[in-house]
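Step one of this worksheet: look at the structure below.
Protein chains: 2
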Amino acid sequence: MIELNFDKMGGLLPAVVQDYETGEVLMLAFMDQEAWENTLSTGLASYHSRTRNELWVKGKTSGNVQHVKEIRIDCDDDTVLLKVEQVGGAACHTGHRSCFYKKIEGNEIRVIGKPVFDPREVYK
Amino acid sequence: MIELNFDKMGGLLPAVVQDYETGEVLMLAFMDQEAWENTLSTGLASYHSRTRNELWVKGKTSGNVQHVKEIRIDCDDDTVLLKVEQVGGAACHTGHRSCFYKKIEGNEIRVIGKPVFDPREVYK
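As you go down the protein sequences, you meet chains S and W in turn. Just so we're aligned: 67 in my numbering is position 66 of the first sequence, and the numbers increase by one with no gaps anywhere. Just so we're aligned: 116 in my numbering is position 115 of the second sequence, and the numbers increase by one with no gaps anywhere.
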């Protein structure tokens with residue numbers, strides 16, 4: 002088992018999630034030891050839900066799981082980078098491909114792109 | 002001023018840093034309100050150093066600053082994505098282009114790429 006440093010954030014570390022083909026950054030989530038081990042053993046991107054305080058296998062509800070194609074860790078072993086295949090084409094609960102769909106332009110926020118799915122249909 | 006949500010991590014939020022041309026994820030750091038405002042007003046990627054507990058204008062010591070080309074924020078305004086031009090070609094203090102130079106292969110860690118600079122020369 003590869004040991005990561007979960008100490009800096011009280012048992013959590015950030016995971017950056019990138020599309021394995023396009024390089025687009027899809028989302029950022031947090032992992033604890035359980036989520037890290039579950040990701041390694043299942044090949045499905047797994048995080049720790051801070052709001053529900055439990056293991057969160059991304060897409061378990063919607064079916065839009067993330068198949069992990071590559072895992073990188075950073076220089077001081079306290080951040081994970083996942084390169085994933087995003088089933089359903091959208092990582093964001095809003096239906097956007099990426100959670101980072103808001104671009105700062107001066108003092109304005111401009112929305113980039115349109116939702117891939119209607120969240121009301123996916124999360125009934 | 003665009004308002005971000007710094008509450009979830011006690012005044013900090015994660016910032017993902019990506020090369021604006023290649024899409025390579027270079028590093029992850031944390032911002033507080035001061036770092037966010039400094040980034041917006043100067044165009045230089047600025048973070049909050051957790052170890053020194055102060056504003057950290059990336060590259061101020063080494064000269065390897067990050068010119069911010071684009072700023073995205075995520076769906077719930079608690080994560081920033083910076084697309085930057087990395088002066089000097091390397092974002093990592095080890096001299097690697099990206100901090101994510103360690104790839105997980107089974108139970109092994111494989112180092113990807115070679116350092117661009119010798120950190121002993123840059124940080125004297």
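Positions of the beta carbon are idealized from the N, C-alpha and C atoms, including for glycine.
Does any C-beta atom of chain W lie closer than 8 angstroms to the C-beta of residue i?
i             : result
residue 60(S) : no
With 8 angstroms as the threshold, decide whether the Cβ of residue i is near any Cβ in chain S.
i              : result
residue 104(W) : yes
residue 66(W)  : no
residue 71(W)  : yes
residue 19(W)  : yes
residue 29(W)  : yes
Return the bridge partner residues of residue i from the DSSP annotation.
i             : result
residue 59(W) : None, per the DSSP bridge assignment.
residue 9(W)  : BP columns for residue 9(W) are empty, so no partner.
residue 3(W)  : Answer is none; residue 3(W) lacks a bridge partner.
Out of curiosity, what's the CA-to-CA distance linking residue i and residue j?
i              : j              : result
residue 30(W)  : residue 119(W) : 22 angstroms
residue 123(W) : residue 108(W) : 33 angstroms
residue 36(S)  : residue 15(S)  : 11 angstroms
residue 60(S)  : residue 53(S)  : 15 angstroms
residue 49(W)  : residue 58(W)  : 8 angstroms
residue 47(S)  : residue 32(S)  : 7 angstroms
residue 19(W)  : residue 28(W)  : 7 angstroms
residue 92(S)  : residue 98(S)  : 5 angstroms
residue 8(S)   : residue 34(S)  : 11 angstroms
residue 105(S) : residue 39(S)  : 35 angstroms
residue 81(S)  : residue 2(W)   : 31 angstroms
residue 115(W) : residue 74(S)  : 16 angstroms
residue 85(S)  : residue 64(W)  : 34 angstroms
residue 62(W)  : residue 43(S)  : 43 angstroms
residue 110(W) : residue 78(S)  : 11 angstroms
Flag this pair as yes or no: are the beta carbons of residue i and residue j separated by less than 8 angstroms?
i              : j             : result
residue 83(W)  : residue 72(W) : yes
residue 100(S) : residue 76(W) : yes
residue 45(W)  : residue 69(W) : yes
residue 66(S)  : residue 88(S) : yes
residue 90(W)  : residue 24(S) : no
What in chain S is Cβ-close to residue i, meaning under 8 angstroms?
i             : result
residue 2(W)  : 108
residue 95(W) : 76
Whose Cβ in chain W lies nearer than 9 angstroms to the Cβ of residue i?
i              : result
residue 101(S) : 17, 73, 74, 75, 76, 80, 81 and 82
Chain S partners of residue i, CB-CB under 9 angstroms?
i             : result
residue 26(W) : 17, 19, 24, 26, 73 and 82
Within the present structure, is the beta-carbon of residue i separated from the nearest heavy atom of the ligand ADP by less than 7 angstroms?
i             : result
residue 97(S) : No copy of the ligand ADP occurs in the structure displayed, which carries no ligand at all.
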